[in-house]
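Its first residue numbered 101, the sequence shown is counted upward by one per residue in our numbering. Structure record follows, encoded as structure tokens.
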Amino acid sequence: MYPRKIVLPTKQSFFLFGPRGVGKSTLIRSRFPEAKYIDLLDSRIYQKLLTDPGMLEEMIPPDWQEGIILDEVQRVPELLNEVHRLIENKHWRFILTGSSARKLRRQGVNLLAGRARTYRLHSLTAKELGNKFELEIALKYGMLPTVHNLQTAQERERYLYAYVETYLQEEIMQEGLTRNLANFARFLQIASMSVGGVLNVSAVARESMVERKVVENYFGILEDLMLGVRVPVFRKRAKRELIAKSKFYLFDTGVYQTLKPKGVLDTESEVSGAGLENLFLQNLLAEVANSVKPFKVRYYRTVGGSEVDFVVYGDQGLWAFEIKNGRKFRREWLRGLKRFGQDYPEAKRYVLYTGKEHLYIGKIEVVPIEEFLRGKLADVLGVKR
Numbered sequence: 101m102y103p104r105k106i107v108l109p110t111k112q113s114f115f116l117f118g119p120r121g122v123g124k125s126t127l128i129r130s131r132f133p134e135a136k137y138i139d140l141l142d143s144r145i146y147q148k149l150l151t152d153p154g155m156l157e158e159m160i161p162p163d164w165q166e167g168i169i170l171d172e173v174q175r176v177p178e179l180l181n182e183v184h185r186l187i188e189n190k191h192w193r194f195i196l197t198g199s200s201a202r203k204l205r206r207q208g209v210n211l212l213a214g215r216a217r218t219y220r221l222h223s224l225t226a227k228e229l230g231n232k233f234e235l236e237i238a239l240k241y242g243m244l245p246t247v248h249n250l251q252t253a254q255e256r257e258r259y260l261y262a263y264v265e266t267y268l269q270e271e272i273m274q275e276g277l278t279r280n281l282a283n284f285a286r287f288l289q290i291a292s293m294s295v296g297g298v299l300n301v302s303a304v305a306r307e308s309m310v311e312r313k314v315v316e317n318y319f320g321i322l323e324d325l326m327l328g329v330r331v332p333v334f335r336k337r338a339k340r341e342l343i344a345k346s347k348f349y350l351f352d353t354g355v356y357q358t359l360k361p362k363g364v365l366d367t368e369s370e371v372s373g374a375g376l377e378n379l380f381l382q383n384l385l386a387e388v389a390n391s392v393k394p395f396k397v398r399y400y401r402t403v404g405g406s407e408v409d410f411v412v413y414g415d416q417g418l419w420a421f422e423i424k425n426g427r428k429f430r431r432e433w434l435r436g437l438k439r440f441g442q443d444y445p446e447a448k449r450y451v452l453y454t455g456k457e458h459l460y461i462g463k464i465e466v467v468p469i470e471e472f473l474r475g476k477l478a479d480v481l482g483v484k485r
């Protein structure tokens, strides 16, 4: 097991959400070994509690002093009313995991009215992998824990294909999130082609042969399941005319590489470029997800074409990052950052690339991305957990 950096409460109830396969169950069982574990993926337990949520109390010794883990709680949303009652009456501490809060919200169930904080677990970060982090492998196979426990390319590819198929069947179809699995599968492939680019929902709808309103709902499903994220345009104190549309990314580069139709993008460089942006963003989101003070992630693009891949801001400061898939530094990479610096001189600006040299061009720092992800990202942002 890889050491996870996430800090979880030891005295309070909490939710831990994250996509399937990121290691939620492994994490909580290792952090809370004495806790009572109730697995809602177990069909017998699932059927019992689905029929009668009140039986939850009967599964726990009356004098229980340790935590109680409810794994994949979204499968029986009605349990949360019972959890609420037991927190109030028995003062029990619950650890509630799930792959999404979507089903809970849709059914209007009790989210414990502030009695349980919400945390998010992402794929592994480069910092968590430490010396085992290899940029080339991360770009091709992603950062899911199982991927890094496998030894061969064939094993990793098989796992990722199985992951995508299983997720479609179990998470999307069984939870009733869409009635047409074939349409959703086709949409996923087309959506993967939008990674790293400005999102054109109408074009995705046209190419996937699905109505635009349905595609909008599909993107919402991806976000609710933490499978995808839309990054809006940074508009704070905007001095120039900016474009309006968001950019789109998937939660893991391995899933991106698996979903992306082969041969669609012109060159391997383009594929790696989008993948490199995706890899940076997933590390960034994992680092800031559970910070004491929130961060917002945006991108910057003027109508005239000046662009910065990612803008991060919060009470702690303002940062701008340009991600480049190139081993040799090029001065034209600085254009967007220079324009951004004119409007926001307080911003700390970085070019992250696949080369080896560490450079300083005026107030812009050029850093090898592998080095930056391994150790500097959280430090640069001053993340506090």
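All C-beta atoms, glycine included, are put in the ideal place defined by N, C-alpha and C. The structure displayed is predicted, hence computed values, not measured ones.
> What's the C-alpha gap between E307 and M326?
Replying inline: Residue mapping note: residue 307 aligns to position 207 of the sequence shown, counting from 1. Residue mapping note: residue 326 aligns to position 226 of the sequence shown, counting from 1. Straight-line Cα distance between these residues: approximately 24 Å.
> Between the segment 240-254 and the segment 391-398, do at least 3 Cβ pairs fall closer than 8 Å?
Replying inline: No: the two stretches stay apart, fewer than three of their Cβ pairs being nearer than 8 Å.
> Looking only at DSSP bridge pairs, what is T197 linked to?
Replying inline: Counted from its first residue, the sequence shown places residue 197 at position 97. BP columns for T197 point to L116.
> Are the segment 240-247 and the segment 141-156 in contact at 8 Å, needing three or more beta carbon pairs?
Replying inline: no
> Taking C-alpha atoms, which residue in A386, T358, N390, E387 lies nearest to G375?
Replying inline: Here residue 375 refers to the residue found at position 275 of the sequence shown. The candidate whose alpha carbon is nearest that of G375 is T358.
> Where DSSP assigns a beta bridge to Y413, which residues make up the other side?
Replying inline: Here residue 413 refers to the residue found at position 313 when the sequence shown is read from its first residue. Looking at the DSSP assignment, Y413 forms a beta bridge with K396, L418.
> In whole angstroms, what separates the C-alpha of A478 from that of E387?
Replying inline: The residue you call residue 478 lines up with position 378 of the sequence shown. The residue you call residue 387 lines up with position 287 of the sequence shown. So the two alpha carbons sit approximately 6 Å from each other.
> Rounded to the nearest angstrom, how far is the Cβ of L196 from that of F132, given a contact under 8 Å?
Replying inline: Taking the sequence shown and counting its residues from 1, one reaches residue 196 at position 96. Taking the sequence shown and counting its residues from 1, one reaches residue 132 at position 32. Between F132 and L196 the Cβ distance is about 12 Å, and since that is not below 8 Å, they are no contact.
> So the alpha helix (DSSP H) Y267 belongs to, where does it begin and stop?
Replying inline: What you label residue 267 is simply residue 167 of the sequence shown in a count that begins at 1. Looking at the DSSP string, Y267 is not in any alpha helix (DSSP H), and its letter there is neither H nor E.
>> Three or more C-beta pairs under 8 Å: does that hold for the segment 439-459 against the segment 220-230?
In response: no
> Pairing CB atoms from the segment 412-421 with CB atoms from the segment 277-295, are three or more of them under 8 Å?
Replying inline: no
>> Tell me the rounded alpha-carbon separation between Y137 and K105.
In response: The residue given as residue 137 occupies position 37 in the sequence shown. The residue given as residue 105 occupies position 5 in the sequence shown. Rounded to whole angstroms, Y137 to K105 spans 22 Å at the Cα level.
>> Taking the alpha carbon of S200 as the reference point, which residue from R185, R193, A135, L221 has its own alpha carbon closest?
In response: Here the question's residue 200 lines up with position 100 in the sequence shown. The option with the nearest alpha carbon to S200 is L221.
> N249: which of A303, D152, G123, F319 sits nearest, CA to CA?
Replying inline: For the purposes of this step, residue 249 is taken as residue 149 along the sequence shown, with counting starting at 1. Among A303, D152, G123, F319, the Cα nearest to that of N249 belongs to G123.
>> Can you find the residues in the same chain that come closer than 6 Å, C-beta to C-beta, to P361, ignoring five residues on each side of it along the sequence?
In response: For the purposes of this step, residue 361 is taken as the residue at position 261 of the sequence shown. Here the set comprises Q289.
>> Using 8 Å as the threshold, is the C-beta distance between M309 and R286 below it?
In response: The residue given as residue 309 occupies position 209 in the sequence shown. The residue given as residue 286 occupies position 186 in the sequence shown. Taking a C-beta distance under 8 Å as the contact criterion, M309 and R286 qualify as a contact pair.
> Going along the chain, which residues of its own chain have a beta-carbon closer than 7 Å to the beta-carbon of D366, five neighbours each way excluded?
Replying inline: Here residue 366 refers to the residue found at position 266 of the sequence shown. In this predicted model, D366 has a pLDDT of only 46, less than 50, meaning its place in the structure is not dependable; the value taken from the coordinates is given anyway. Result list for D366: empty, nothing under 7 Å.
>> Starting from L459, trace the beta strand (DSSP E) in both directions and tell me its first and last residue.
In response: Translated into the one-based positions of the sequence shown, residue 459 becomes position 359. Start and end: 459-461.
> Buried or exposed: L481, going by 16 or more other Cβ atoms within 10 Å of its Cβ?
Replying inline: Position 381 of the sequence shown holds residue 481. Buried, since its Cβ has 16 or more Cβ neighbours within 10 Å.
>> Taking the alpha-carbon of L488 as reference, which of V411, K313, L150 has the nearest alpha-carbon?
In response: Lying before the first or after the last residue shown, residue 488 is absent from the chain, which here runs from 101 to 485.
> With a cut-off of 8 Å, do at least 3 Cβ pairs link the segment 462-477 to the segment 439-454?
Replying inline: yes
> Using CA coordinates, which residue listed in H191, L322, V483, K190 is at the minimum distance from F284?
Replying inline: For the purposes of this step, residue 284 is taken as residue 184 along the sequence shown, with counting starting at 1. Minimum Cα distance to F284 is reached at L322.
> Residue range of the alpha helix (DSSP H) that L359 falls in?
Replying inline: To locate residue 359, count along the sequence shown from 1; it is residue 259. Per DSSP, the unbroken alpha helix (DSSP H) holding L359 starts and ends at 353-359.
> Going by DSSP, what residues sit across from P468 in a beta bridge?
Replying inline: Your numbering for residue 468 matches position 368 in the sequence shown. According to DSSP, which records beta bridges pairwise, P468 is partnered with Y453.
> Taking DSSP as the reference, what is the three-state secondary structure of V314?
Replying inline: Translated into positions along the sequence shown, residue 314 becomes position 214. Note: V314 maps to helix in three-state DSSP.
>> Am I right that K463 and G441 are in contact with their C-beta atoms under 8 Å? What's the rounded C-beta distance?
In response: Taking the sequence shown and counting its residues from 1, the one referred to as residue 463 is at position 363. Taking the sequence shown and counting its residues from 1, the one referred to as residue 441 is at position 341. 7 Å between Cβ atoms; contact.
>> If contacts are defined as beta-carbon pairs under 8 Å, then V298 and K347 qualify, I think. What distance do you get, rounded to the angstrom?
In response: Position 198 of the sequence shown holds residue 298. Position 247 of the sequence shown holds residue 347. With 8 Å as the limit, V298 and K347 qualify as a contact, their Cβ atoms being about 6 Å apart.
> Considering V331, what are the terminal residues of the beta strand (DSSP E) in which it resides?
Replying inline: One-based indexing of the sequence shown puts residue 331 at position 231. Its beta strand (DSSP E) spans residues 328-331.
>> On the DSSP letters alone, give me the boundaries of the alpha helix (DSSP H) that L486 sits inside.
In response: Given that the chain is displayed from residue 101 to residue 485, the structure contains no residue 486 and the question cannot be resolved.
> Helix, strand or coil for D171 per DSSP?
Replying inline: Counted from its first residue, the sequence shown places residue 171 at position 71. Strand, per DSSP.
> Taking DSSP as the reference, what is the three-state secondary structure of D152?
Replying inline: Here residue 152 refers to the residue found at position 52 when the sequence shown is read from its first residue. Coil.
>> Are the CB atoms of F351 and V329 within a distance shorter than 8 Å?
In response: Start at 1 with the first residue of the sequence shown, and residue 329 comes out as number 229. Start at 1 with the first residue of the sequence shown, and residue 351 comes out as number 251. Contact flag set, yes.
>> Just to confirm my understanding: we take E407, look at its own chain, exclude 5 residues before and 5 after, and list those with CB closer than 6 Å. What are they?
In response: By one-based count along the sequence shown, residue 407 stands at place 307. So the list reads R401, G436, once near-sequence residues are dropped.
>> Within the continuous beta strand (DSSP E) that includes I138, where are the two ends?
In response: One-based indexing of the sequence shown puts residue 138 at position 38. For I138, the enclosing beta strand (DSSP E) begins and ends at 136-139.
>> Based on DSSP bridge pairs, tell me the residues matched to R474.
In response: Residue mapping note: residue 474 aligns to position 374 of the sequence shown, counting from 1. According to DSSP, which records beta bridges pairwise, R474 is partnered with nothing at all.
> Looking at the structure shown, is R220 part of a helix, part of a strand, or coil, going by DSSP?
Replying inline: Here the question's residue 220 lines up with position 120 in the sequence shown. DSSP, reduced to helix, strand and coil, places R220 within a strand of the structure shown.
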